[in-house]
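These notes are about the structure you will find just below.
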Ligand SMILES: Cc1cc2nc3c(=O)[nH]c(=O)nc-3n(C[C@H](O)[C@H](O)[C@H](O)COP(=O)(O)O)c2cc1C
Ligand code: SF4
Ligand code: SF4
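In our numbering, the protein residues as written are 443 to 887.
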């Protein structure tokens, strides 16, 4: 039986799945139910001088049949008094002493940070998370992402917290920044024990076409919100990877952003996350999703012989490189499995209009199965991505695999295109039809 226990910067947790600081961790009642369902830890809804929230607060991108593919909110930090939150942290800790409770916090002056750190520790919090991430409302008041976007301020406030902290301190980063590793390094310099990322991405989720107001609408007006949910996972994964690969960055990472199932969680761990936090998926489907996540994670570990999470955290990192180190001589082309094809011809349209005119149609109108023109195919994958039938279009390797050559090597050898009309341009090897053929006209010579 794989061991899911994790030690995150000194914080013990029965498993690496935590609830992110957000509405599902707003009060003790919810956190008790979450632990009972199987979550290993929670980051409590951000403690702060209580705010006043607006209604409505949420908007979503419903993409085709998928509701909340992207989720947007203009909610602020906790609107409950800090003392109520602390009392409930203390209560929950008595019922679940082995589970991780992290107190998220966001304050202004140094004395407020100090007082909050002392109070949260006295309440039994196992760790603290500094919210330098909210990209709406709180940033207008000089907090949240206003701090996360300013490495110097981030390091300074972190160091204030470290003056009183006796439990591990996690700095939660904002993705609304050009280079996330600058913020990660500032957290390290400020003395933090760990980082978590990402908080939400500043966003405008849509405009109502009748009232011309942005969504979500507050009495005819609106404001930018923070974007999260499945749509943001690729951005979050890349930022976690960037931090994990930074040569001078040494702290543990908690990965957040669009996690909905065990595969998402494992992917974050493979790029270096030690724990994984979830918000939107729980707001959508409830605490119960933890059952599928944990059983999937366990099965994944069993199938590959991993005894503990340490066996695979960061295991994808050696395979993630810079573009200049990719093999320019690796060649694949598409192939269509005739027996599986349903004749929708989506692949034909995609390649004809959006790629390299490498798919043909049969002369017989009753034969709707397209064919690949091998010599035109550049192996871009587009047809396989648009094909609605799993496994119908696969990519076949055509090079020998013996002649690896990278851009970096070609730079060193001086064999890269250098002039506007260089005969070594990669595209010169590709087929392109004559423009006149677009209108069915004979080729111009
Ligand atoms: C409605 C809502 C409220 C949130 N409130 C907080 C908060 O108080 N503190 C915080 O650090 N992050 C807050 N977040 C951000 C989440 O903790 C998380 O970083 C983000 O939603 C990305 O994760 P997800 O894609 O799983 O939702 C909030 C997110 C949502 C959707
Ligand atoms: S997209 Fe797939 S199913 Fe549709 S025609 Fe092409 S190969 Fe066949
Ligand atoms: S891989 Fe790209 S170029 Fe090749 S057939 Fe498919 S869409 Fe066309």
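Here a beta-carbon is modelled for each residue, glycine too, at the ideal position from N, C-alpha and C.
Proximity below 8 Å, CB of residue i to CB of residue j
i	j	result
residue 813	residue 774	no
residue 899	residue 622	In the structure as shown, the chain starts at 443 and stops at 887, and residue 899 therefore has no counterpart that could be examined.
residue 715	residue 696	yes
residue 590	residue 616	yes
residue 691	residue 626	yes
residue 483	residue 542	yes
residue 671	residue 511	yes
residue 488	residue 520	yes
residue 640	residue 698	yes
residue 668	residue 645	yes
residue 797	residue 829	no
residue 458	residue 717	yes
residue 462	residue 720	yes
Three-state secondary structure (DSSP) of residue i
i	result
residue 487	strand
residue 753	helix
residue 547	strand
residue 629	helix
residue 789	helix
residue 848	strand
residue 471	helix
residue 568	coil
residue 641	coil
residue 612	strand
residue 542	strand
C-alpha distance - residue i paired with residue j, whole-angstrom precision
i	j	result
residue 783	residue 499	45 Å
residue 624	residue 685	9 Å
residue 597	residue 751	30 Å
residue 544	residue 638	12 Å
residue 820	residue 770	12 Å
residue 524	residue 490	7 Å
residue 628	residue 593	5 Å
residue 824	residue 506	20 Å
residue 874	residue 858	22 Å
residue 713	residue 565	34 Å
residue 653	residue 662	7 Å
residue 732	residue 609	27 Å
residue 573	residue 449	21 Å
residue 767	residue 576	36 Å
residue 877	residue 799	12 Å
Report task. Spell out a yes or no on whether the region 746-763 and the region 686-694 are touching, meaning 3 or more CB-CB pairs, one atom from each, closer than 8 Å. Result -> Cβ pair count under 8 Å is three or more, so yes.
Query - Touching by the beta-carbon criterion (3+ pairs, under 8 Å), the region 657-671 and the region 507-524 - result: Under the 8 Å Cβ criterion, the region 657-671 counts as touching the region 507-524, having at least three qualifying pairs.
Query raised in the report: Should the region 863-874 be called in touch with the region 789-796, which here means at least 3 C-beta pairs below 8 Å?
Result: no
Requested in this report: Give a yes or no on contact between the region 528-541 and the region 598-605, applying the rule of three or more CB pairs nearer than 8 Å.
Outcome: no
Query raised in the report: Taking contact to mean at least 3 C-beta pairs separated by less than 8 Å, is the region 802-811 in contact with the region 830-837?
Result: no
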